[in-house]
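Note that the sequence shown covers residues 24 to 409 in this note's numbering.
Ideal placement from N, C-alpha and C gives every residue a C-beta, glycine not left out.
What follows is a single structure, written as structure tokens, with notes after it.
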Amino acid sequence: MTVFKGFLSITKRNLGMMLLYIIIFLTISIFAQKMLDPADASGFKAEQLDIAVIDRDGGALAKGLTDYLGLFHNLKDLPDDKSILQDRLFYRDIYYIVTIPEDFEEACLSGSEKLSVTKVPGSTTGYYVDQQINTFLNSVRTMTAGGFSVSDAVARAAEYASSPPDVTLIDKTGHGGSMAQHAFMFQYMPYIMLSILCYTLSFIMIAFGKPDVKKRTLCSCISARSMNLQLIAGHAVVGLGIFAICTVMPAILYGRSFLSDPHLPYYLLNSFIMMLVSLSIAFLISSFPINEEIINGIVNVITLGMAFTCGVFVSMDILGKGVRTIARFLPVYWYETTNSLIAGNRTFTDSQTAELWRGYGIQLLFMAAFFGIALVLRRNRAIAER
Numbered sequence: 024m025t026v027f028k029g030f031l032s033i034t035k036r037n038l039g040m041m042l043l044y045i046i047i048f049l050t051i052s053i054f055a056q057k058m059l060d061p062a063d064a065s066g067f068k069a070e071q072l073d074i075a076v077i078d079r080d081g082g083a084l085a086k087g088l089t090d091y092l093g094l095f096h097n098l099k100d101l102p103d104d105k106s107i108l109q110d111r112l113f114y115r116d117i118y119y120i121v122t123i124p125e126d127f128e129e130a131c132l133s134g135s136e137k138l139s140v141t142k143v144p145g146s147t148t149g150y151y152v153d154q155q156i157n158t159f160l161n162s163v164r165t166m167t168a169g170g171f172s173v174s175d176a177v178a179r180a181a182e183y184a185s186s187p188p189d190v191t192l193i194d195k196t197g198h199g200g201s202m203a204q205h206a207f208m209f210q211y212m213p214y215i216m217l218s219i220l221c222y223t224l225s226f227i228m229i230a231f232g233k234p235d236v237k238k239r240t241l242c243s244c245i246s247a248r249s250m251n252l253q254l255i256a257g258h259a260v261v262g263l264g265i266f267a268i269c270t271v272m273p274a275i276l277y278g279r280s281f282l283s284d285p286h287l288p289y290y291l292l293n294s295f296i297m298m299l300v301s302l303s304i305a306f307l308i309s310s311f312p313i314n315e316e317i318i319n320g321i322v323n324v325i326t327l328g329m330a331f332t333c334g335v336f337v338s339m340d341i342l343g344k345g346v347r348t349i350a351r352f353l354p355v356y357w358y359e360t361t362n363s364l365i366a367g368n369r370t371f372t373d374s375q376t377a378e379l380w381r382g383y384g385i386q387l388l389f390m391a392a393f394f395g396i397a398l399v400l401r402r403n404r405a406i407a408e409r
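Spelled out as structure tokens, the structure:
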């Protein structure tokens with residue numbers, strides 16, 4: 024086990040550098056996860072605006088519309104004077120003006136009349152009021168077409184708006200319908216593992232491949248096969264250490280909610296397989312004759328490229344179809360697909376269970392392929408050097 028012991032000895036000398044990379048990438052991932060975690064977002068909520076309604080009709084429908092808007096917004100009593108209204112709008116005393124013309128009731132029910140509205144230019148809140156007005160008028164048109172009188176239709180539309188029906192959402196995920204916070208931490212796990220392992224192991228292998236160390240290894244009676252197996256064992260020790268750190272991190276951040284999650288074994292198995300994939304990629308990178316100057320470029324292209332195209336930093340739902348098609352040929356895509364399946368379901372159907380194990384299996388196939396390519400490259404290099 025001479026090569027294995029030498030690998031661990033060089034690793035021990037580079038612990039400071041490894042610790043630095045661990046702190047850097049864990050910090051970046053925690054900040055990114057905290058900023059983008061939708062569990063901390065307040066979401067959309069109804070907003071009350073200061074609006075003015077100029078009623079030139081005075082009918083039941085016009086009065087009903089005014090009362091309806093009063094349920095959601097603050098109605099300002101202003102005179103029907105264009106200059107005054109424009110002045111109030113300019114100084115943001117009001118944000119929306121509805122002008123109800125004469126004979127509006129008859130024209131509105133026939134569908135030939137549209138309300139004249141004035142709103143703050145570029146204001147998104149104006150569209151919110153537009154939608155409310157359209158909803159009210161469409162409800163009234165539907166009910167009058169069904170035989171209701173205008174007054175009854177207006178009353179029913181206002182009643183529905185003031186007391187909407189209760190809606191019970193199905194808790195599909197077991198976390199109030201949303202993804203658990205630690206699920207987002209595992210979403211960023213590929214970036215953490217790939218970055219740390221590729222950087223640290225590449226620097227260790229460069230140190231291990233220095234001329235003096237290399238000549239001593241070549242002069243020994245160790246075969247290329249034994250050397251590669253011992254190097255793989257050394258990679259595995261480092262990988263298990265990084266995996267332990269990455270596993271402890273969500274336990275510290277989220278405590279009981281993480282440890283009591285019934286899907287915890289699936290999360291851990293998925294991240295463990297991702298660790299193996301990251302080791303195989305790091306082993307493949309170190310199989311090429313690289314130096315310290317080009318490590319940053321290679322690792323950044325690999326880690327950031329897969330992070331952005333496979334759903335680590337950008338949700339898979341936002342990515343285009345072409346990007347998702349390309350991402351299917353990368354291991355991180357199958358990790359993220361599996362992670363989304365675990366986080367998005369409280370229980371698994373038979374088809375979902377099959378999809379889950381398929382994701383695990385495809386990642387393992389990627390790992391075997393990368394290790395196989397790396398072993399072939401190392402064998403050819405060893406033959407050429409001897």
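The beta carbon of residue 140 is closer than 8 Å to those of 119, 120, 121, 122, 149, 152, 153 and 156 in its chain, skipping five residues each way along the sequence. Your pair residue 314 and residue 229 checks out as a contact, with CB atoms roughly 7 Å apart and the cut at 8 Å. Approximately 49 Å separates the beta-carbon atoms of residue 162 and residue 212; this is outside 8 Å, ruling out the contact.
The Cβ neighbour count for residue 386, taken over all protein chains shown within 10 Å, is at least 16; the residue is labelled buried. In the assembly as shown, residue 296 is a buried residue. Its beta-carbon has 16 or more other beta-carbons within 10 Å. If you ignore the 5 residues before and after residue 99, its C-beta comes within less than 8 Å of the C-beta of 73, 74, 75, 111, 116 and 117, all in its own chain and listed in chain order. Nearest to residue 353 by C-alpha distance, out of 328, 54 and 224, is 328.
When DSSP states are grouped into helix, strand and coil, residue 344 belongs to the helix group.
Annotation: residue 141 is outside any alpha helix (DSSP H); the continuous beta strand (DSSP E) that includes it extends over 139 to 142.
Within the same chain, 300 and 354 come within 6 Å of residue 389 by CB-CB distance, once the 5 residues on both sides are set aside.
If the five residues before and after residue 342 are omitted, its C-beta is found closer than 8 Å to the C-beta atoms of 332, 334 and 350, all from its own chain and listed in chain order.
In the structure shown, residue 100 falls within a coil segment according to DSSP collapsed to helix, strand and coil. Contact between residue 54 and residue 256 does not hold, since the beta-carbon distance rounds to 34 Å and is not under 8 Å. Scanning 362, 129, 270 and 108 for the CA closest to the CA of residue 80 turns up 129.
Less than 7 Å divides the Cβ of residue 262 from the Cβ of residue 298. In the structure shown, the three-state DSSP call for residue 76 is strand. Judged by DSSP in its simplified three-state form, residue 120 adopts strand.
In the three-state reduction of the DSSP assignment, residue 288 falls in the helix class, which pools H, G and I.
DSSP places residue 354 within a helical segment (H, G or I) once states are collapsed to three.
For residue 111, the enclosing alpha helix (DSSP H) covers residues 105 to 113.
Each of 317, 273, 364 and 325 was checked against the Cα of residue 339, and the nearest Cα belongs to 364. Scanning its chain for C-beta atoms nearer than 7 Å, with the 5 sequence neighbours on each side dropped, one finds around residue 160 the residues 131, in chain order. In the three-state reduction of the DSSP assignment, residue 312 falls in the coil class. Put simply, the backbone Cα of residue 284 is about 9 Å away from that of residue 203. When the beta-carbon positions are compared, residue 395 and residue 357 stay at least 7 Å from each other.
The straight-line gap separating the alpha-carbon atoms of residue 277 and residue 320 is approximately 34 Å. Note on residue 288: under 16 other CB atoms within 10 angstroms of its CB, so exposed under the neighbour-count rule.
Secondary structure of residue 218 (DSSP, three-state): helix. With respect to residue 166, residue 181 sits apart: the two C-beta atoms are not nearer than 7 Å. The residue among 183, 220 and 216 with its C-alpha nearest the C-alpha of residue 94 is 183. In this structure, residue 44 sits near residue 219, with a CB-CB distance shorter than 7 Å. Per the coordinates, the alpha-carbon of residue 144 lies some 58 Å from the alpha-carbon of residue 392. Here the alpha carbon of residue 217 sits roughly 13 Å from the alpha carbon of residue 41.
DSSP places residue 204 inside the alpha helix (DSSP H), whose first and last residues are 204 to 210. Secondary structure of residue 126 (DSSP, three-state): coil.
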